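Protein chains in written order, with numbering that gives the first Met the number 0: chain A, 0 to 354; chain B, 0 to 288.
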Amino acid sequence: MRGAVAAGFRTTLAAYADPTALVLFAAAWLPAFAILLVPGSAEPVEAFGERVAWLAPLLLAPAMVTAFRLRGAWPALGPEDPGLVWLHGLAVPAWQPRLGAFLASLAGLAMLSVLGAALLLAWLAAAPGRPPLHEAERLQAMAPRDAPGAPVETLLARPGDREEFELPATTGAGELSLRPRWLLGERQPTSLLLGLGRRGGGEPLVLGSVVVPDVGREVRLPLPAAAAEGGRLRVVRESQPGSRLSLVLGELWRLGPELGTPTVALRVLVASLPAALVLLAAAWLASLALGPALARLAVLVLTPTVLLLLPAPLAGIAEARVEAGGSVTPWLAPMALALAAAVVLPRPLRLEDEP
Amino acid sequence: MPEPHADNRGAEPLRVEGLSVTWRSGLLGRRLVRAVRGLSLTVEAGSVVGIAGPNGSGKSSLFRALLGLAPITAGSATVLGRPAGDRAAVARTGHLAEGRLPLGRLRARELLTLSGTLRGWPLARARARADALLDRVGLAAVAGRAHGDFSTGMARRLALAQALYHEPELLLLDEPTAGMDPLGVDLMRELVKERAAAGATCLVATHVLEDFGAELDRLVVLYDGEVLADGSPDDVLGREDATSWTVAGLDDEARRAVEAEIAARGGKLLASGRPRRSLGAWLRERIGP
Numbered sequence: 000m001r002g003a004v005a006a007g008f009r010t011t012l013a014a015y016a017d018p019t020a021l022v023l024f025a026a027a028w029l030p031a032f033a034i035l036l037v038p039g040s041a042e043p044v045e046a047f048g049e050r051v052a053w054l055a056p057l058l059l060a061p062a063m064v065t066a067f068r069l070r071g072a073w074p075a076l077g078p079e080d081p082g083l084v085w086l087h088g089l090a091v092p093a094w095q096p097r098l099g100a101f102l103a104s105l106a107g108l109a110m111l112s113v114l115g116a117a118l119l120l121a122w123l124a125a126a127p128g129r130p131p132l133h134e135a136e137r138l139q140a141m142a143p144r145d146a147p148g149a150p151v152e153t154l155l156a157r158p159g160d161r162e163e164f165e166l167p168a169t170t171g172a173g174e175l176s177l178r179p180r181w182l183l184g185e186r187q188p189t190s191l192l193l194g195l196g197r198r199g200g201g202e203p204l205v206l207g208s209v210v211v212p213d214v215g216r217e218v219r220l221p222l223p224a225a226a227a228e229g230g231r232l233r234v235v236r237e238s239q240p241g242s243r244l245s246l247v248l249g250e251l252w253r254l255g256p257e258l259g260t261p262t263v264a265l266r267v268l269v270a271s272l273p274a275a276l277v278l279l280a281a282a283w284l285a286s287l288a289l290g291p292a293l294a295r296l297a298v299l300v301l302t303p304t305v306l307l308l309l310p311a312p313l314a315g316i317a318e319a320r321v322e323a324g325g326s327v328t329p330w331l332a333p334m335a336l337a338l339a340a341a342v343v344l345p346r347p348l349r350l351e352d353e354p
Numbered sequence: 000m001p002e003p004h005a006d007n008r009g010a011e012p013l014r015v016e017g018l019s020v021t022w023r024s025g026l027l028g029r030r031l032v033r034a035v036r037g038l039s040l041t042v043e044a045g046s047v048v049g050i051a052g053p054n055g056s057g058k059s060s061l062f063r064a065l066l067g068l069a070p071i072t073a074g075s076a077t078v079l080g081r082p083a084g085d086r087a088a089v090a091r092t093g094h095l096a097e098g099r100l101p102l103g104r105l106r107a108r109e110l111l112t113l114s115g116t117l118r119g120w121p122l123a124r125a126r127a128r129a130d131a132l133l134d135r136v137g138l139a140a141v142a143g144r145a146h147g148d149f150s151t152g153m154a155r156r157l158a159l160a161q162a163l164y165h166e167p168e169l170l171l172l173d174e175p176t177a178g179m180d181p182l183g184v185d186l187m188r189e190l191v192k193e194r195a196a197a198g199a200t201c202l203v204a205t206h207v208l209e210d211f212g213a214e215l216d217r218l219v220v221l222y223d224g225e226v227l228a229d230g231s232p233d234d235v236l237g238r239e240d241a242t243s244w245t246v247a248g249l250d251d252e253a254r255r256a257v258e259a260e261i262a263a264r265g266g267k268l269l270a271s272g273r274p275r276r277s278l279g280a281w282l283r284e285r286i287g288p
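Spelled out as structure tokens, the structure:
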């Protein structure tokens, strides 16, 4: 058994050394990656985030290419595939080399993705005048009340009520998000004044004021570079009394002053891998038992269903997208996966008169 | 190479009794195809048996049933002492199927090596066997080319090498000479003879009997899934009521004299003349076997 699995693995993995495969991979992967992670020079963060959310499924293109290569290198995927007859003639259970081929395809996908990321980052670094990578990193910000043994949660009910958060140091300008939680009472837009008490004890830094709308949603506040050293964030209610408002500190974004580290790029990449693996696994499992047409149908229906029911494969990519400044559109990736799987499953066979 | 199972060593290579192969075809499986109908056949070890018949007579279906690739709906088949389709029996059988081998992007050497490593052979042994066979079937010069780019004849040679790779005890060759040039046909014939001399049993499905005429110990003719005739090629096909010579060294005058003598003795000359040399003979002379 090990011999057949290893043979399938080795043969499939060897397909990735094929120059055609590498070119195809680069052609599919690098543009997708570049479109996703390189903002325009004057592009606002919000617009970039929206774009990322819509285009994130493009990262699945490499999975499609990989699956195409898998099919080409190892066509014994369907129960009516000629490769199956060949394997039977060798007295080898088909699942063994298939398993090896599947594992090799995963390994190949991972290797090529990392290689692609490295190449892209090297290219970006070398290209003068390129806008910087959007580097966003969620930092841990903790409100005092979240600390162990902290007093009861503070509520902003009257003008002058104050909430404080501990802001970690960052490396430059950034963006802070606050998530309001309205408690009982009538909601109305509420103005908040924000300031930063510096760690060194200097003059407090006035960050400005924001209006929390009556419909609860995230509020974003730009942080100047002067706030980079961190400190104690003070949020004071300015408006007239109204319903009581509780604040939760959301993500703290940090914008890189120059080309970012590969952290985010690799994170998005790694986050996209589970989705790609699910694609390949679904294609592989479906092809074990079903004919090409049924397998296509099953994957088309089942893949998005499974992905939506089991958030784990999506969590990573959603998280990465959020970190890259975008919002989550959970149906896009499953649909893209399903379409990709439907396309890359074994082609219809030219059946002869005999089985 | 696979060791024969101790309990099956020397077992009858093939015994088929009342075999029927049937399956459903067409949209929603509404068409019932009866490819083989109640076929019985016993084959002795070391013999070369031709399975002849027109297209659709059940030759390929019989082979597929013996390998477990087509459903046996009635009767039974025993291959090398094991039930048809049994993996141990398949492992000791070489099958040259119609069409090309899969994995066309692999080089010829890679494909043959793969068929060894898939069987669990060490890589070095699999490579050595692949090289030896590629040399034997005349493909050594193109061993590094993707076999999907091979011509039909080259692909058949590679398929033959694949079928012989593990020195099988039973060879099932399905239209082995289809698309082959005369030298390829010679090679195929030669290799079948070699395997038979080594004790292997060979079943050759063909409708071009001339390719294997002299090598066949027995001829089974199928028609519509049933055995139409079974026996030695002479018994099955009989002999023409004519005598043929192939004589060299006669000039036209001598030839006319021989023809006159035939007529004088009451014979009727059906054909005479100097036939064109065959392409096979010409190729053998020019580029060798």
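Glycine residues also receive a C-beta, built at the ideal position from the N, C-alpha and C atoms. Computed from a prediction, not measured in an experiment: that's the story for all the values here.
Report yes if the C-beta distance between residue i and residue j is below 8 Å; otherwise report no.
i: ALA154/B; j: VAL136/B; result: no
i: GLY45/B; j: ALA195/B; result: yes
i: LEU208/B; j: GLY37/B; result: no
i: LEU172/B; j: ALA199/B; result: no
i: GLY194/A; j: ARG233/A; result: yes
i: GLY88/A; j: LEU66/B; result: yes
i: HIS146/B; j: LEU202/B; result: no
i: LEU18/B; j: GLY74/B; result: yes
i: ARG197/A; j: LEU191/A; result: no
i: VAL20/B; j: ALA69/B; result: yes
i: THR116/B; j: ALA6/A; result: yes
i: LEU83/A; j: VAL4/A; result: no
i: ARG188/B; j: PHE211/B; result: yes
i: LEU190/B; j: LEU157/B; result: no
i: SER208/A; j: GLU237/A; result: yes
i: GLU11/B; j: GLU97/B; result: no
Taking DSSP's pairing of strands, which residues face residue i in a bridge?
i: HIS94/B; result: LEU171/B
i: VAL219/B; result: ILE50/B and ASP229/B
i: LEU68/B; result: The partner list for LEU68/B (beta bridge, DSSP) is empty, contrary to what the question assumes.
i: LEU204/A; result: LEU195/A
i: THR135/B; result: Here residue 135/B turns out to be Arg, not Thr, going by the sequence shown. ARG135/B is not bridged to any residue.
i: SER24/B; result: ARG30/B
i: ALA225/A; result: ALA225/A is not bridged to any residue.
i: GLU163/A; result: ARG233/A
i: SER190/A; result: VAL210/A
Name the residue from the options whose alpha carbon lies nearest to the alpha carbon of residue i.
i: GLY266/B; options: GLY74/B, ARG118/B and SER243/B; result: SER243/B
i: LEU113/B; options: ALA129/B, ALA196/B and ARG99/B; result: ALA129/B
i: GLY52/B; options: VAL226/B, ALA96/B, ALA199/B and ALA247/B; result: VAL226/B
i: LEU206/A; options: VAL235/A, ALA93/A and GLY200/A; result: VAL235/A
i: VAL89/B; options: ARG118/B, GLY272/B and ASP134/B; result: ARG118/B
i: GLY201/A; options: ARG231/A, LEU191/A and PRO223/A; result: ARG231/A
i: VAL235/B; options: ALA241/B, VAL246/B, GLY248/B and LEU221/B; result: LEU221/B
i: SER150/B; options: ALA107/B, ALA162/B and LEU190/B; result: ALA107/B
i: VAL210/A; options: LEU177/A, GLY229/A and ALA226/A; result: LEU177/A
i: ARG289/B; options: HIS165/B, THR245/B, SER24/B and ARG126/B; result: Given a span of 0 to 288 for chain B in the structure shown, any question on residue 289/B remains unanswerable.
i: LYS228/B; options: SER39/B, ARG30/B and LEU13/B; result: First, the residue type needs correcting, since residue 228/B is Ala and not Lys in the sequence shown. Considering only alpha carbons, the answer is SER39/B.
i: GLY103/B; options: ARG255/B, ARG63/B, LEU122/B and ASP148/B; result: ASP148/B
i: ALA204/B; options: ALA34/B, LEU61/B and ARG23/B; result: LEU61/B
Give me the chain B residues within the contact set of residue i, using Cβ-Cβ distance strictly less than 9 Å, ordered along the chain.
i: VAL209/A; result: The premise fails here: VAL209/A is roughly 60 Å from chain B at the closest Cβ pair, so nothing lies under 9 Å.
i: ALA103/A; result: The contacting residues do not exist; ALA103/A stays about 13 Å from chain B at best.
i: PRO226/A; result: A small correction: the amino acid at residue 226/A is Ala; Pro does not occupy that position in the sequence shown. Those within 9 Å of ALA226/A in chain B number zero; the least Cβ separation is about 58 Å.
i: ALA3/A; result: THR116, LEU117, ARG118 and GLY119
List, in order along the chain, the chain A residues whose C-beta lies closer than 9 Å to that of residue i?
i: THR245/B; result: The premise fails here: THR245/B is roughly 40 Å from chain A at the closest Cβ pair, so nothing lies under 9 Å.
i: VAL89/B; result: HIS87, GLY88, LEU89 and ALA90
i: LEU66/B; result: VAL84, HIS87 and GLY88
Just the chain A side, please: which residues come within less than 7 Å of residue i by C-beta, in chain order?
i: ARG86/B; result: ALA90
i: HIS94/B; result: GLY88
Who are the neighbours of residue i on chain B, taking C-beta pairs under 7 Å?
i: PRO96/A; result: LEU117
For residue i, go through chain B and note every residue whose CB falls closer than 8 Å to its CB, in chain order.
i: GLY82/A; result: PRO101 and LEU102
The stretch 42-60 of chain B contacting the stretch 78-92 of chain B, beta-carbon criterion three pairs below 8 Å: no
Contact the stretch 172-180 of chain B vs the stretch 137-148 of chain B: 3+ CB pairs below 8 Å: no
Touch test, the stretch 203-221 of chain B against the stretch 34-49 of chain B, Cβ-Cβ under 8 Å, three pairs minimum: yes
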